[in-house]
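K.L.:
Just so you know, the sequences run in chain order A and B. Going by the numbering used here, the first residue of the first sequence is number 1318, and it counts up by one from there. Going by the numbering used here, the first residue of the second sequence is number 1318, and it counts up by one from there. Idealized CB from N, CA, C, for every residue including glycine.
Number of protein chains: 2
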Amino acid sequence: MSKQTALAVTDLSAGAVCCQPLSEQRIPAETAAVLAPAFKALGDPVRLQLMSMIASAPSGEICVCDLTPSFTLSGPTISHHLKTLRDAGLVEAERRGTWVHYRARPGLMTQLAALLAVHEPAAS
Amino acid sequence: MSKQTALAVTDLSAGAVCCQPLSEQRIPAETAAVLAPAFKALGDPVRLQLMSMIASAPSGEICVCDLTPSFTLSGPTISHHLKTLRDAGLVEAERRGTWVHYRARPGLMTQLAALLAVHEPAAS
DNA sequence: TGCCTAGGTTGACAGATTTCGAAACAGAGT
DNA sequence: ACTCTGTTTCGAAATCTGTCAACCTAGGCA
């Protein structure tokens, strides 16, 4: 099941599924179906923190061994959450030697941010 | 009942739960716990579309009677999804005569967008 | 080479949460 | 009273969360 969404997300992060703020134009059902899983992936406190730790890593990437100790959860649980973020297209993993490093994929996050951008009402 | 959940969200949308991009600074567990539910609320294709339809309504608000026909789901189901968005603090409802109108609350969405903003590597 | 240990992932499972619709309910208009 | 709009309640099916056990890969060492 996650395979399907992962594929779609890969497509969009390569391309141009959305860019218009959500408040300026109705999202087509198709687009919503593609982007909702990304929001869902961020819709868990642990995953939101993981995403933040990965994205804010000074070197651009961070070892799982540095992530796990920050939570009271077990290793497998963290691994599952990381897989969710991976399937959503928000991060990618690379094994270098003994350790696995996670890196953020800014493309999709940028799209989500653009989607949420609120058009300044009057102003101008 | 919606008052309770609305309170926490009201606090944050009034105040300073977050503002820093997720990729610039680690989100504290506390902040993650507060913001994750908002992402979770957007993490469903139907709710994402609903949010978009509400936020992009030309008059700033939209009647439930205009929302329901756009989906193949039953009335109660749409109502449930709307309640989820309400509880998350993303929209608010007002009954005017026979019909109920939904309006977006941009505050929280702005915060989420700021959180997802990706720091430009160059600049600064 | 063969064996051992450590880091992470995967699979399977119980318990909690979500999703959806049928039926019942509340508000407003006729 | 009756109708129409939308919400709430309730229950069933599906999904999600977290853990243990098993597995795989990489590295160290005799």
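Looking only at its chain, what residues have a beta carbon closer than 6 Å to the beta carbon of B:VAL1435, apart from the 5 residues adjacent to it on each side?
P.N.:
Numbered from 1 along the second sequence, position 118 holds the residue referred to as residue 1435 of chain B. Counting only Cβ-Cβ distances below 6 Å, and skipping sequence neighbours, we find SER1340.
K.L.:
For B:LEU1384, I'd like the list of residues in its chain whose CB is within less than 8 Å of its CB, leaving aside the five on either flank, ordered along the chain.
P.N.:
Position 67 of the second sequence, counting from 1, holds the residue named residue 1384 of chain B. For B:LEU1384, where only same-chain residues beyond five positions count, the Cβ hits under 8 Å are LEU1367, MET1370, ILE1371, ILE1395, LEU1399 and TYR1419.
K.L.:
Out of B:VAL1351, B:ALA1374 and B:LEU1425, point me to the one whose CA is closest to A:ILE1344's CA.
P.N.:
Mapped onto the first sequence, residue 1344 of chain A falls at position 27. Closest by alpha carbon: B:ALA1374.
K.L.:
Could you run through the stretch 1353-1369 of chain A and flag, in chain order, every residue whose CB is less than 9 Å away from some CB of chain B?
P.N.:
ALA1353, PRO1354, ALA1355, PHE1356, LYS1357, ALA1358, LEU1359, GLY1360, ASP1361, PRO1362, VAL1363, ARG1364, LEU1365, GLN1366, MET1368 and SER1369
K.L.:
Flag this pair as yes or no: are the beta carbons of A:LEU1425 and B:ALA1349 separated by less than 7 Å?
P.N.:
Working through the first sequence from its first residue, we reach residue 1425 of chain A at position 108. Working through the second sequence from its first residue, we reach residue 1349 of chain B at position 32. Not a contact, by the Cβ cut-off of 7 Å.
K.L.:
Against chain A, does B:VAL1326 count as a neighbour if the rule is that its beta carbon must be under 7 Å from one of theirs?
P.N.:
In the second sequence, counting from the first residue as 1, residue 1326 of chain B sits at position 9. Reliability fails at B:VAL1326, whose pLDDT of 41 lies under 50, so the model's placement of it is uncertain and no value is given.
K.L.:
Quick check on this structure: which residue in B:ALA1353, B:PRO1338, B:GLY1360 and B:ALA1346 has the alpha carbon closest to the alpha carbon of A:ASP1361?
P.N.:
Position 44 of the first sequence holds residue 1361 of chain A. Among B:ALA1353, B:PRO1338, B:GLY1360 and B:ALA1346, the Cα nearest to that of A:ASP1361 belongs to B:ALA1353.
K.L.:
Within a Cβ cutoff of 8 Å, which residues of the same chain sit near A:LEU1407, ignoring the five residues on either side of it in sequence?
P.N.:
On the first sequence, residue 1407 of chain A is found 90 positions in, with the first residue counted as 1. Only ALA1355, ALA1358, LEU1359, MET1368, ALA1421, ARG1422, LEU1425 and MET1426 meet the Cβ criterion.
K.L.:
Note down the Cα distance separating B:LEU1432 from B:GLN1342, rounded to an integer number of angstroms.
P.N.:
Here the question's residue 1432 of chain B lines up with position 115 in the second sequence. Here the question's residue 1342 of chain B lines up with position 25 in the second sequence. Approximately 10 Å, taken between the alpha carbons.
K.L.:
The alpha helix (DSSP H) with B:VAL1408 in it runs from where to where?
P.N.:
Residue mapping note: residue 1408 of chain B aligns to position 91 of the second sequence, counting from 1. Taken as a continuous stretch (DSSP letters only), B:VAL1408 belongs to no alpha helix (DSSP H), being part of the beta strand (DSSP E) at 1408-1413.
K.L.:
Give the DSSP bridge partners of B:VAL1417, in chain order.
P.N.:
Start at 1 with the first residue of the second sequence, and residue 1417 of chain B comes out as number 100. Its beta-bridge partners are B:ARG1412.
K.L.:
What do you get for A:PRO1338, buried or exposed, if any count of 16 or more other CB atoms within 10 angstroms of its CB means buried?
P.N.:
As a working mapping, residue 1338 of chain A is identified with position 21 in the first sequence. Under this definition A:PRO1338 is a buried residue.
K.L.:
When DSSP labels each residue in this structure, what does A:ILE1379 get in the three-state scheme?
P.N.:
Reading the first sequence from its first residue, position 62 is the one you call residue 1379 of chain A. Reduced to three states, the DSSP call for A:ILE1379 is strand.
K.L.:
Helix, strand or coil for A:ILE1344, going by three-state DSSP, please let me know.
P.N.:
On the first sequence, position 27 is the one that residue 1344 of chain A refers to. Three-state DSSP puts A:ILE1344 in coil, outside helix and strand.
K.L.:
Determine the DSSP secondary structure at A:HIS1398, reduced to helix, strand or coil.
P.N.:
Within the first sequence, the letter at position 81 stands for residue 1398 of chain A. The three-state secondary structure of A:HIS1398, taken from DSSP, is helix.
K.L.:
Nearest CA to the CA of B:ALA1346: which residue from A:SER1376, A:SER1387 and A:ARG1412?
P.N.:
Against the second sequence, residue 1346 of chain B aligns to sequence position 29. Selected option, being the one with the closest Cα: A:SER1387.
K.L.:
Near A:VAL1363, which residues of its chain fall below 6 Å by C-beta distance, leaving aside the five closest residues on each side in sequence?
P.N.:
Position 46 of the first sequence, counting from 1, holds the residue named residue 1363 of chain A. Excluding sequence neighbours, A:VAL1363 sits near HIS1398.
K.L.:
By DSSP, does B:ARG1422 sit in helix, in strand, or in coil?
P.N.:
By one-based count along the second sequence, residue 1422 of chain B stands at place 105. The answer is coil: DSSP assigns B:ARG1422 none of H, G, I, E or B.
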